[in-house]
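The opening position of the sequence shown corresponds to residue 0 in numbering that gives the first Met the number 0, with each subsequent residue numbered one higher.
Notes follow once the structure below has been shown.
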Amino acid sequence: MVEIECPHCDEGIELEDDVFGLFDCPHCDEEFSWEDDEDISNGHTTNPPVISGVKIGIGIVGSVLLLSVIFYVWLMGQMGCMTACS
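In C-alpha cells, the structure reads:
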C-alpha cells in the first residue's frame with residue numbers, strides 16, 4: 000500500500016502499490032490521477048536552458064564597451080566639427 004494526499008483536499012488516501020490512473024477521492028469526491036514513478040522518469044522532458052551569470056556578465060560588459068565606442072566616435076565627430084566649423 001502507498002499513502003498519498005489528495006491534491007484537492009489534502010486528506011490521506013491509501014492506494015495499492017501497482018494501481019495507476021484516475022481515481023475519485025473518498026473524502027471530497029474530486030478526481031485525481033496517480034502515475035507510476037518509472038513512467039514519469041522515463042519521459043522525455045526537456046528543461047529550458049539556463050543562462051549562467053558569466054554569460055550575462057559578458058553580455059553586459061560587451062554592451063557597455065560597444066556603447067562607449069559609439070559615444071567616443073560621436074564625441075570626436077562633434078569636437079572635429081567644432082574645430083573645423085569655426
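From the three backbone atoms N, C-alpha and C, an ideal C-beta is built for every residue, glycine too.
Same chain, Cβ closer than 6 Å to residue i, five either side skipped, listed in chain order
| i | result |
| --- | --- |
| Glu-29 | His-7 |
| Met-75 | none |
Sub-8 Å separation of residue i and residue j beta-carbons
| i | j | result |
| --- | --- | --- |
| Ser-32 | Leu-14 | no |
| Glu-2 | Glu-10 | no |
| Cys-24 | Ile-12 | yes |
7 Å CB neighbourhood of residue i in its chain, flanking five on each side removed
| i | result |
| --- | --- |
| Met-78 | none |
| Ser-51 | none |
| Asp-16 | Met-0 and Val-1 |
Span of the beta strand (DSSP E) around residue i
| i | result |
| --- | --- |
| Val-1 | 1 to 4 |
| Glu-30 | 30 to 33 |
| Asp-17 | First-last for Asp-17: undefined, no H or E at that position. |
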